[in-house]
Amino acid sequence: ALVDKANYRHFMAKEIHEQPEVVGHTLARYVDMATERVTLPVKLPFDFKDIQRVSITACGTASYAGFIGRYWLERFARLPVELDVASEFRYREAPLRKGDLAIFISQSGETADTLAALRYAKAQGAHTLSVVNVPTSTIARESEIVLQTVAGPEIGVASTKAFTCQLMVLASLAVAAGRARGELSDADEAKLVHGLVEIPRLMSEALTIEPQIEKLARELSKSRDVLYLGRGTSYPLALEGALKLKEISYIHAEGYAAGELKHGPIALIDEHMPVVVIAPYDKVFEKTVSNMQEVAARGGKIILMTDAKGAAEATIQSLVTIVMPDMGAAFAPIVYAVPVQLLAYHTAVVMGTDVDQPRNLAKSVTVE
Ligand code: AGP
């Protein structure tokens, strides 16, 4: 075979472990380490200053990468971003203006709905930019601009390394846009680039937590439902965590914005409902802590992923903490994706499912 599992039991495990390397390759393509500037490998046919609106469209895991990219584009470049899943975008008759920027994200570059959405945006006169892993794919060929992820072939049906590489590209793009629009100074850019350069090393560190996650997975595998919570960029990562767990372990999971807990899902909380909380130490950390207190008060079991263990454990008992490496919060989801993926992976292994080929799923959905 062209690609083998090396010493891993599943492609998914291999692909999770490859991430520091392939995210590093992707980084090297978009960031000039010497000048500490983001340098896109293609010349854009527009000036970011002239862009009024961005739309991001994708399916599944790629759409969660897009959701995180939206936070970055809005924060660093002050660009308003609309986000859709492709199956909705292609039919909702979204009014795009000529010269708007439409971004599409796809590992395979062959997803039928994403391709149809791309063709729709093109017909509306929008600039089309695709973040794809397969450079010879249909989506790559039909896009005005292609930003390639350098993840290498992804074999496991559950997307892992393609996701983190998509995030690396979107983070770089958002920094480039912020610069071009005058929203980021040289110093801001240098600081953000420092943050990006650290990521492969932080991902390697995050991988060393695997034995602890393996133990937790044994517990998680006994549950019927799991809730994932996060705020800010951790919210789309919570959605991704829930998707990952569902698709390979067949355990029902939901991702929610932590602030939405009170608006419904808190009714589900009891001692049988594990809650995975993704909470890097950022501006909204304290808010998430108060959501955890609400969960703990109702007997919910919390698995917390954070780099601020002390701050959380001071106020909450009955907490299992997955201690993440210390890092700035800007790009935390790229690193926190690692424990999120490992938790789903090991739970599926305990359940004895076909991890690389989960039932009912195809690697690339080329029909509607
Ligand atoms: C991810 O784990 C899924 N199997 C799925 O959601 C996937 O991300 C989606 O089908 C999009 O695929 P693409 O990136 O190849 O377009």
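Under the UniProt record's numbering, think of the first position of the sequence shown as 241, with each following residue one higher. For every residue, glycine included, the Cβ atom is placed at its ideal position computed from N, Cα and C.
Segments assigned alpha helix (DSSP H), at least 4 residues, entirely inside the segment 411-491: Segments of the alpha helix (DSSP H) lying fully in the segment 411-491: 426-447, 450-460, 474-489.
Could you check whether valine 595 and valine 589 sit closer than 8 Å to each other, using their CB atoms as the reference points? Yes, they are a contact pair.
Count the CB pairs spanning the segment 566-581 and the segment 478-493 that are closer than 8 Å, and state whether there are at least three. Yes, they touch.
In the DSSP assignment, find the unbroken alpha helix (DSSP H) run with phenylalanine 525 in it and report its ends. Element bounds for phenylalanine 525: 525-537.
Please classify histidine 367: is it buried, with 16 or more other beta-carbons within 10 angstroms of its beta-carbon, or exposed? That one is buried.
Could you name the residues of the same chain whose beta carbon sits closer than 7 Å to that of valine 262, not counting the 5 residues immediately before and after it, in chain order? Excluding residues up to 5 positions away in sequence, Val390, Ala391, Gly392, Lys401, Cys405 lie with their Cβ nearer than 7 Å to the Cβ of valine 262 in the same chain.
Have a look at Ile291, Thr587, Ala298 and flag the residue whose alpha-carbon is nearest the alpha-carbon of aspartate 340. Distance check between aspartate 340 and each of Ile291, Thr587, Ala298 places Ile291 closest, using alpha-carbon atoms only.
Any heavy atom of the ligand AGP closer than 7 Å to the beta-carbon of glycine 300? At a threshold of 7 Å, glycine 300 counts as near the ligand AGP, since its beta carbon sits closer than that to one of the ligand's heavy atoms.
Report the rounded CA-to-CA distance for aspartate 465 versus alanine 457, giving the unit in angstroms. C-alpha separation (whole angstroms): 13 Å.
Check whether the Cβ of threonine 297 lies closer than 7 Å to any heavy atom of the ligand AGP, and answer yes or no. The answer is no for threonine 297.
Proline 505 in three-state terms, based on DSSP: Look at proline 505 here: in three-state DSSP terms it is helix.
If I follow the unbroken alpha helix (DSSP H) through proline 573, where does it start and stop? 572-591 is the span of the alpha helix (DSSP H), which, as asked, contains proline 573.
Please report the distance separating the alpha-carbon of glutamate 258 from that of lysine 541. Spanning the two alpha carbons is a distance of roughly 31 Å.
So what does threonine 297 bridge to, in DSSP terms? According to DSSP, which records beta bridges pairwise, threonine 297 is partnered with Asp324, Phe344.
Methionine 545, enclosing alpha helix (DSSP H) - first and last residue: For methionine 545, there is no enclosing alpha helix (DSSP H); the residue is found in the beta strand (DSSP E) stretching over 541-546.
Return the chain-ordered list of same chain residues with a C-beta closer than 6 Å to the C-beta of glutamate 454, the five sequence neighbours on each side being excluded. Cβ neighbours of glutamate 454 beyond the five flanking positions: His586.
Looking at chain B, is there any beta carbon in it that lies within less than 8 Å of the beta carbon of alanine 478? Reference to chain B is not applicable here, since this structure consists of a single protein chain.
Assigned secondary structure, valine 563 (DSSP; H/G/I helix, E/B strand, else coil): Collapsing the DSSP output to three states places valine 563 in a strand.
Is it buried or exposed for glutamine 347, if we count other Cβ within 10 angstroms and need 16 for buried? Per the 10 Å Cβ criterion, buried.
What residue from Thr376, Leu508, Thr473 has the CA that sits closest to histidine 492's CA? Taking only the C-alpha atoms, the option nearest histidine 492 is Leu508.
If you draw a straight line from the alpha carbon of tryptophan 312 to that of asparagine 247, how long is it in whole angstroms? The alpha-carbon separation between tryptophan 312 and asparagine 247 amounts to approximately 36 Å.
In the DSSP assignment, the beta strand (DSSP E) including proline 514 goes from what residue to what residue? 514-518 is the span of the beta strand (DSSP E), which, as asked, contains proline 514.
With DSSP as the reference, identify every bridge partner of isoleucine 556, one or two as the case may be. None, per the DSSP bridge assignment.
Just to confirm the assignment, what range does the alpha helix (DSSP H) spanning valine 605 have? That residue, valine 605, is in no alpha helix (DSSP H); it is neither H nor E in DSSP.
Where arginine 330 and glycine 306 are concerned, what is the direct C-alpha to C-alpha distance, given to the nearest angstrom? Rounded to whole angstroms, the separation of the alpha carbons of glycine 306 and arginine 330 is 16 Å.
DSSP state of threonine 400 mapped onto helix, strand, coil: The three-state secondary structure of threonine 400, taken from DSSP, is coil.
Rounded straight-line distance, which links the Cα of proline 281 to that of leucine 410: Roughly 13 Å separates the two Cα atoms.
What does the Cβ neighbour count give for arginine 381, buried or exposed, with the cut at 16 atoms within 10 Å? Arginine 381 should be labelled exposed.
Using only CA atoms, which one of Ile518, Ala274, Leu358, Lys245 lies nearest to threonine 297? Taking only the C-alpha atoms, the option nearest threonine 297 is Leu358.
According to DSSP, which residues form a beta bridge with serine 370? Note: serine 370 sits in a beta bridge opposite Phe344, Val386.
Pair every Cβ in the segment 561-569 with every Cβ in the segment 434-444, then say whether three or more of these pairs are closer than 8 Å. They touch, by the three-pair rule.
Write down the C-beta distance between isoleucine 308 and proline 573 rounded to the nearest angstrom, noting that I regard them as a contact closer than 8 Å. The beta-carbon distance between isoleucine 308 and proline 573, rounded to whole angstroms, is 5 Å. This is short enough to meet the 8 Å contact definition.
Can you find the residues in the same chain that come closer than 6 Å, C-beta to C-beta, to histidine 265, ignoring five residues on each side of it along the sequence? In chain order, Val390 place their CB closer than 6 Å to the CB of histidine 265, counting only its own chain and leaving out the 5 sequence neighbours on each side.
Could you tell me the alpha carbon to alpha carbon distance between glutamate 350 and glutamate 384, rounded to whole angstroms? Separation of glutamate 350 and glutamate 384 (C-alpha to C-alpha, rounded to the nearest whole angstrom) is 16 Å.
Would you mind working out which of Ser489, Ile395, Arg315, Pro375 sits nearest lysine 254, comparing C-alpha positions? Per the Cα distances, Ile395.
For isoleucine 256 and lysine 338, I'd like the C-alpha separation in whole angstroms. In this structure, the CA atom of isoleucine 256 is about 40 Å from the CA atom of lysine 338.
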